[in-house]
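Please read the structure below before turning to the comments.
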Amino acid sequence: MTDDQRIEEFKQRIRDGHRVEAGDWMPDEYRFRVSRFIEMHANSEIMGALPERDWILRAPSLHRKLAVTAKIQDEVGHAQLLYRLVEDLGKPREQILADLIDGKSKFHNVFHYPTRSWGDVGIIAWLVDAAAVISQAALQRSSYGPYARVMRRICWEEAFHLKHGEDIVLTAVGGTPRQKALIQEALERWWEPLMMFYGPPTPAEQDKDLAWGIKSRPNEDLRQEFLGKYVKRIREIGLEIPDPALRFDEASGRWEYSPIDWEKLAQIGRGHGPASQQRLGFRRLSYEETGWVRQAVAGSVAELVA
Amino acid sequence: MEPELAAAFGRYLLTVADDELVLGYRDSEWTAVAPMVEEDVAFSSLAQDEIGHARLFYMLAGELLDADPDHLALLRPKGEYYHARLLEVRATPRYVESGEHLGGGDWALAVARRYLYDLFDDLRTEALLGSSWKPLAGAVQKVRREETYHLRHGATWWTALARGRGESPARLAAVLDARWPDLLGLFEEAPGEDALQAAGLLGRRTSLLRDPWLERVAARCEPLGLPFPWRRVDDGWELMVDPVLGGRQGRHGAGWDELYEEMTMVRRLEPEGVW
Amino acid sequence: MEVYEVFRQEKEGEAMVHVGSVDAPDAELAVQYAREVYSRRSEATRLWVVPRAAVMELDDADFLRPPIERTYRMGEGYRVTIAKRRQLQAREAGHGA
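Residue numbers (the numbering used here), protein chains in the order written: chain Z, 19 to 324; chain F, 325 to 599; chain D, 45 to 141.
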């Protein structure tokens with residue numbers, strides 16, 4: 019069989035719904051794309067933990083302190099699960115982390131923004147995680163078996179995060195005017211990143227990750243689903259969404275919204291977001307300061323103790 | 325329980341709760357920045373356990389002092405927290421918005437502090453197991469079951485660092501050398517512990533936990549070639565350094581100013597609010 | 045650092061199910077990490093933690109699903125018994141009439 023024939027057969031297997039495992043033969047392009055996709059996801063989880071972790075320390079009750087710590091721990095745990103997958107596809111962890119710190123690999127746009135108040139904690143845990151749950155549910159059908167399996171676990175844990183985030187929001191919105199204002203103000207800053215979350219409305223035929231079955235739904239479908247689920251939930255508790263053009267058009271059955279600056283998203287993805295360099299700088303600092311620890315345990319401890 | 329004893333015991337339980345809260349707080353700062361991702365997840369659980377233990381002790385103290393646990397944790401004045409000064413020291417780098425982050429991440433400090441504190445805490449909770457106040461005895465049993473795993477994790481890292489390749493043994497020795505006085509501050513007592521012991525509320529007062537701890541730590545340092553500033557004499561131990569005192573009376577250092585500010589800033593927006 | 049595979053039994057009596065892997069410097073930390081990563085929410089009654097090097101993987105199709113028919117091992121090889129029973133029932137009913 020020629021390489022082209024082998025690739026065609028592989029593509030047909032994916033179209034037929036078969037799963038690919040780590041040890042299977044795969045076309046170079048598939049291996050490259052799936053590894054990069056998972057790596058970006060893993061990096062997003064570990065970078066996402068940074069804006070949130072400051073708020074562990076500032077949480078206004080013992081219960082919230084525990085809940086926020088556990089939520090962020092889950093995100094780091096997700097990074098761990100996903101880094102293992104990328105390693106099993108052939109890239110060592112030191113290389114993965116070096117590429118992240120050097121800006122050679124990307125992480126999701128939402129984690130390039132600063133957090134300013136307790137309101138951000140609620141909005142991120144509720145709405146950013148809600149947006150993630152929608153795309154992650156679709157990823158449970160990924161053609162890459164190990165990724166599909168990890169996504170099931172991640173989706174299960176994200177469901178807890180949504181409840182935790184919504185609880186923070188509802189409690190504050192139901193509290194004093196000052197508490198409600200924290201949430202409203204945070205929503206105003208997070209609406210644009212949320213609308214950019216799924217990326218540009220790339221037509222399905224042009225989306226290569228879709229073609230390989232790595233992801234299973236086009237970007238705009240996911241955004242429409244998010245709006246369909248959450249606009250009402252946001253408005254019905256008395257919060258205002260800062261987009262006057264946001265409305266559901268009965269005729270087309272689609273949500274309409276103000277135009278999104280996709281070039282801005284591309285810039286953010288290249289590391290020019292409002293907090294991108296600060297975050298990467300912190301990751302670099304913490305990684306460098308702990309280099310001696312990794313060196314200490316580079317061989318097995320049992321060897322050292324014997 | 326008669327009111328004076330209740331007040332003294334509540335005050336004592338605050339030292340326990342504050343120790344756990346402050347250590348849990350500092351350890352939770354390693355979330356997302358620990359040396360390895362798997363260790364990050366594990367260490368975060370340890371931190372959550374400490375905060376969970378703190379919460380238990382605040383609830384118990386709250387019963388005796390007629391106060392809400394969250395109020396006790398987050399709304400006391402800065403000078404009325406009674407943790408040992410060892411625990412308030414930051415061991416992680418600190419994120420600064422401008423990008424000029426504060427370095428100072430020291431995994432050797434994190435590991436040594438937690439392990440040696442846990443060896444002390446094991447002695448302390450053991451002394452509370454037989455407390456004549458039953459609600460406390462029950463809570464302490466649960467705490468000790470979780471702490472078994474903390475000690476296991478701590479012992480593994482203690483050995484790994486002492487015997488590790490490269491700078492690791494020197495870094496551990498340096499941290500210990502700098503921190504022995506702070507560690508000895510763990511044995512400072514809360515007011516009235518003599519009466520609490522006499523009443524059977526405490527099995528052993530905090531200062532009496534020191535000698536068994538010196539014994540345990542010596543046993544864990546000697547085989548690994550780690551120096552420690554005390555030696556055996558006829559009837560016990562002679563210390564070659566002085567403990568750093570004050571924490572149990574509410575006197576703290578610069579690390580506490582920073583920590584207290586951050587820990588209370590959101591709660592102070594609406595101190596009586598529901599969060 | 046080595047990779048360890050983790051298997052989990054969720055409820056008593058159930059099978060051990062593979063749930064993923066961890067990187068660890070040694071077996072002691074691998075065991076602790078396995079609990080943290082795969083049983084933080086008390087999902088396990090039992091865990092097995094195994095160095096990946098100890099796992100032997102087989103996926104050869106000819107080995108696992110040999111090509112020559114083996115219907116003698118499977119239920120579908122015995123559907124003819126339904127027809128045989130009917131024949132005998134009919135024959136006995138014929139005698140009785």
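Cβ coordinates follow ideal geometry from the N, Cα and C atoms, glycine included.
Query raised in the report: Quick one: Cα of ILE142 of chain Z to Cα of GLU39 of chain Z, how far?
Result: Taking the first sequence and counting its residues from 1, one reaches residue 142 of chain Z at position 124. Taking the first sequence and counting its residues from 1, one reaches residue 39 of chain Z at position 21. Their backbone Cα atoms lie some 33 Å apart in a straight line.
Report task. For GLU58 of chain D, I'd like the list of residues in its chain whose CB is within less than 7 Å of its CB, leaving aside the five on either flank, ordered along the chain. Result -> For the purposes of this step, residue 58 of chain D is identified with residue 14 of the third sequence, where counting begins at 1. So the list is empty, once near-sequence residues are dropped.
**Report entry** Contact belief for VAL63 of chain D with ARG79 of chain D at Cβ below 8 Å, rounded distance in angstroms
**Finding:** Locating residue 63 of chain D in the third sequence gives position 19, where the first residue counts as 1. Locating residue 79 of chain D in the third sequence gives position 35, where the first residue counts as 1. Taking 8 Å as the upper bound for CB-CB distance, VAL63 of chain D and ARG79 of chain D are not in contact here, some 12 Å apart.
Query raised in the report: Since GLU307 of chain Z contacts PRO417 of chain F with CB under 8 Å, what's their CB separation in whole angstroms?
Result: Numbered from 1 along the first sequence, position 289 holds the residue referred to as residue 307 of chain Z. Numbered from 1 along the second sequence, position 93 holds the residue referred to as residue 417 of chain F. Right, the Cβ-Cβ distance comes to about 6 Å (below 8 Å), so this counts as a contact.
**Report entry** Nonlocal neighbours in the same chain, by C-beta distance under 8 Å from LEU388 of chain F, ignoring five residues either side
**Finding:** Counted from its first residue, the second sequence places residue 388 of chain F at position 64. If we look at LEU388 of chain F and ignore the five residues flanking it on each side, its Cβ neighbours are MET325, ALA330, ALA331, PHE333, GLY334 and LEU337.
Query raised in the report: Roughly how many angstroms separate the alpha carbons of GLU421 of chain F and LEU520 of chain F, rounded to a whole number?
Result: Walking along the second sequence from the start, residue 421 of chain F turns up at place 97. Walking along the second sequence from the start, residue 520 of chain F turns up at place 196. Their Cα atoms are separated by approximately 47 Å.
Query raised in the report: Under the rule that 16 or more other beta-carbon atoms within 10 Å means buried, what is GLU512 of chain F, buried or exposed?
Result: Start at 1 with the first residue of the second sequence, and residue 512 of chain F comes out as number 188. Answer is buried; the Cβ neighbour count reaches 16.
**Report entry** Helix, strand or coil at VAL47 of chain D [DSSP, three-state]
**Finding:** The sequence position of residue 47 of chain D within the third sequence is 3, counting from 1. Of the three classes helix, strand and coil, the one that applies to VAL47 of chain D here is strand, per DSSP.
Query raised in the report: Which of helix, strand or coil does DSSP assign to ASP70 of chain D?
Result: As a working mapping, residue 70 of chain D is identified with position 26 in the third sequence. The answer is coil: DSSP assigns ASP70 of chain D none of H, G, I, E or B.
Report task. Could you list which residues in chain Z have their beta carbon closer than 7 Å to that of LEU312 of chain F, in chain order? Result -> What the structure shows of chain F is the stretch from 325 to 599, and residue 312 of chain F is not part of that stretch, so it cannot be assessed.
Query - Euclidean distance between Cα positions of GLU206 of chain Z and ALA263 of chain Z - result: Taking the first residue of the first sequence as 1, we reach residue 206 of chain Z at position 188. Taking the first residue of the first sequence as 1, we reach residue 263 of chain Z at position 245. So the alpha carbons of these two residues sit roughly 15 Å apart.
Requested in this report: Report back the beta-carbon spacing between GLU562 of chain F and ARG555 of chain F to the nearest angstrom; my notes put them in contact at under 8 Å.
Outcome: Position 238 of the second sequence holds residue 562 of chain F. Position 231 of the second sequence holds residue 555 of chain F. The Cβ separation is near 6 Å, so the contact holds.
Query raised in the report: In this structure, does DSSP put VAL93 of chain D in helix, strand or coil?
Result: Working through the third sequence from its first residue, we reach residue 93 of chain D at position 49. DSSP places VAL93 of chain D in strand when its eight states are reduced to three.
Query raised in the report: First and last residue of the alpha helix (DSSP H) that includes GLU562 of chain F?
Result: Stepping through the second sequence from its first residue, residue 562 of chain F is reached at position 238. Segment 560 to 563 is the beta strand (DSSP E) holding GLU562 of chain F; no alpha helix (DSSP H) there.
Report task. Work out the CA separation of LEU283 of chain Z and ALA166 of chain Z for me, nearest whole Å. Result -> Translated into the one-based positions of the first sequence, residue 166 of chain Z becomes position 148. Translated into the one-based positions of the first sequence, residue 283 of chain Z becomes position 265. Going from the Cα of ALA166 of chain Z to the Cα of LEU283 of chain Z covers about 27 Å.
**Report entry** Separation of LEU370 of chain F from VAL319 of chain Z, as counted between CA atoms
**Finding:** Working through the first sequence from its first residue, we reach residue 319 of chain Z at position 301. Working through the second sequence from its first residue, we reach residue 370 of chain F at position 46. Low per-residue confidence applies at VAL319 of chain Z: pLDDT is 49, beneath 50, and the placement is therefore not dependable, though the value from the model is reported in the following sentence. When rounded, the distance between both Cα atoms is 21 Å.
Query raised in the report: When DSSP builds the beta bridges, which residues end up paired with GLY64 of chain D?
Result: Taking the third sequence and counting its residues from 1, the one referred to as residue 64 of chain D is at position 20. In DSSP, GLY64 of chain D forms a bridge with D:VAL50.
Query raised in the report: Name the chain F residues whose beta carbon is nearer than 8 Å to that of ILE90 of chain Z?
Result: Reading the first sequence from its first residue, position 72 is the one you call residue 90 of chain Z. What ILE90 of chain Z touches in chain F: THR355, ALA356 and SER368.
Report task. Assign MET100 of chain D to one of two classes, buried (16 or more other C-beta atoms within 10 Å of its C-beta) or exposed (fewer than that). Result -> On the third sequence, residue 100 of chain D is found 56 positions in, with the first residue counted as 1. The residue in question, MET100 of chain D, is exposed, as its Cβ has fewer than 16 Cβ neighbours within 10 Å.
Query raised in the report: Should VAL99 of chain D be flagged as near chain Z, meaning a C-beta pair shorter than 8 Å?
Result: Position 55 of the third sequence, counting from 1, holds the residue named residue 99 of chain D. No - not a single Cβ of chain Z is within 8 Å of the one on VAL99 of chain D.
Query raised in the report: With C-beta atoms as the reference, is ALA149 of chain Z less than 8 Å away from PHE215 of chain Z?
Result: Here the question's residue 149 of chain Z lines up with position 131 in the first sequence. Here the question's residue 215 of chain Z lines up with position 197 in the first sequence. Yes, the pair counts as a contact, with Cβ atoms nearer than the cut-off.
**Report entry** CB contact below 8 Å: VAL93 of chain D versus chain Z
**Finding:** The residue you call residue 93 of chain D lines up with position 49 of the third sequence. Closer than 8 Å: no.
Query raised in the report: When you compare only the Cα positions, how much space is there between LEU322 of chain Z and ALA97 of chain D?
Result: As a position in the first sequence, residue 322 of chain Z is number 304, starting the count at 1. As a position in the third sequence, residue 97 of chain D is number 53, starting the count at 1. Confidence in LEU322 of chain Z is poor, its pLDDT being 47 and thus under 50, which makes the residue's placement unreliable; the coordinate value appears in the next sentence. Distance between the alpha carbons of LEU322 of chain Z and ALA97 of chain D: 20 Å.
Report task. With 8 Å as the threshold, decide whether the Cβ of ALA484 of chain F is near any Cβ in chain D. Result -> The count along the second sequence starts at 1 and reaches residue 484 of chain F at position 160. Cβ-Cβ to chain D under 8 Å: yes for ALA484 of chain F.
**Report entry** GLU176 of chain Z vs VAL139 of chain Z beta-carbon contact at 8 Å
**Finding:** For the purposes of this step, residue 176 of chain Z is taken as residue 158 along the first sequence, with counting starting at 1. For the purposes of this step, residue 139 of chain Z is taken as residue 121 along the first sequence, with counting starting at 1. No, the pair does not count as a contact, with Cβ atoms beyond the cut-off.
**Report entry** Residues within the stretch 143 to 169 of chain Z neighbouring chain D, beta-carbon criterion of under 9 Å
**Finding:** PRO164, ARG167 and VAL168
Query raised in the report: Taking the alpha carbon of VAL75 of chain D as the point to measure from, which residue in D:PRO95, D:TYR122 and D:ASP104 has its own alpha carbon closest?
Result: For the purposes of this step, residue 75 of chain D is identified with residue 31 of the third sequence, where counting begins at 1. Nearest option by C-alpha distance: D:PRO95.
Query raised in the report: Who are the neighbours of GLY41 of chain Z on chain D, taking C-beta pairs under 9 Å?
Result: Here residue 41 of chain Z corresponds to residue number 23 of the first sequence, with the count starting at 1. Going along chain D in sequence order, the residues near GLY41 of chain Z (Cβ under 9 Å) are GLU101 and ASP103.
**Report entry** Counted within 10 angstroms of its Cβ, other Cβ atoms place LEU460 of chain F as buried (16 or more) or exposed
**Finding:** In the second sequence, residue 460 of chain F corresponds to position 136, counting from 1. Result: buried.
Query raised in the report: What alpha helix (DSSP H) runs, 4 residues minimum, are completely inside the stretch 187 to 224 of chain Z?
Result: Listed in chain order, they are 195 to 214.
Query raised in the report: For LEU396 of chain F, which of Z:SER270, Z:PHE244, Z:SER304 and Z:PRO78 has the nearest alpha-carbon?
Result: Taking the first residue of the second sequence as 1, we reach residue 396 of chain F at position 72. The option with the nearest alpha carbon to LEU396 of chain F is Z:PRO78.
Query raised in the report: For the beta strand (DSSP E) that PHE50 of chain Z lies in, which residues bound it at each end?
Result: As a first step, residue 50 of chain Z must be located in the first sequence, where it is residue number 32. Here PHE50 of chain Z belongs to no beta strand (DSSP E); instead the alpha helix (DSSP H) covers 46 to 76.
Report task. Answer with yes or no whether the minimum CB distance from THR472 of chain F to chain D is below 8 Å. Result -> Along the second sequence, one-based indexing puts residue 472 of chain F at 148. Chain D, which has no Cβ nearer than 8 Å to the Cβ of THR472 of chain F, makes this no.
Report task. Could you tell me whether the Cβ atoms of ARG51 of chain Z and ASP227 of chain Z are closer together than 8 Å? Result -> Taking the first sequence and counting its residues from 1, the one referred to as residue 51 of chain Z is at position 33. Taking the first sequence and counting its residues from 1, the one referred to as residue 227 of chain Z is at position 209. Taking 8 Å as the Cβ cut-off, ARG51 of chain Z and ASP227 of chain Z qualify as a contacting pair.
Query - Minimum Cβ-Cβ distance from VAL365 of chain F to chain D less than 8 Å - result: Within the second sequence, numbered from 1, the residue matching residue 365 of chain F stands at position 41. Flagged as an interface residue toward chain D: VAL365 of chain F, by a C-beta distance shorter than 8 Å.
Requested in this report: Give the single residue among Z:SER123, Z:ALA229, Z:LYS198 and Z:HIS96 whose Cα lies nearest to the Cα of VAL361 of chain F.
Outcome: Against the second sequence, residue 361 of chain F aligns to sequence position 37. The option with the nearest alpha carbon to VAL361 of chain F is Z:HIS96.
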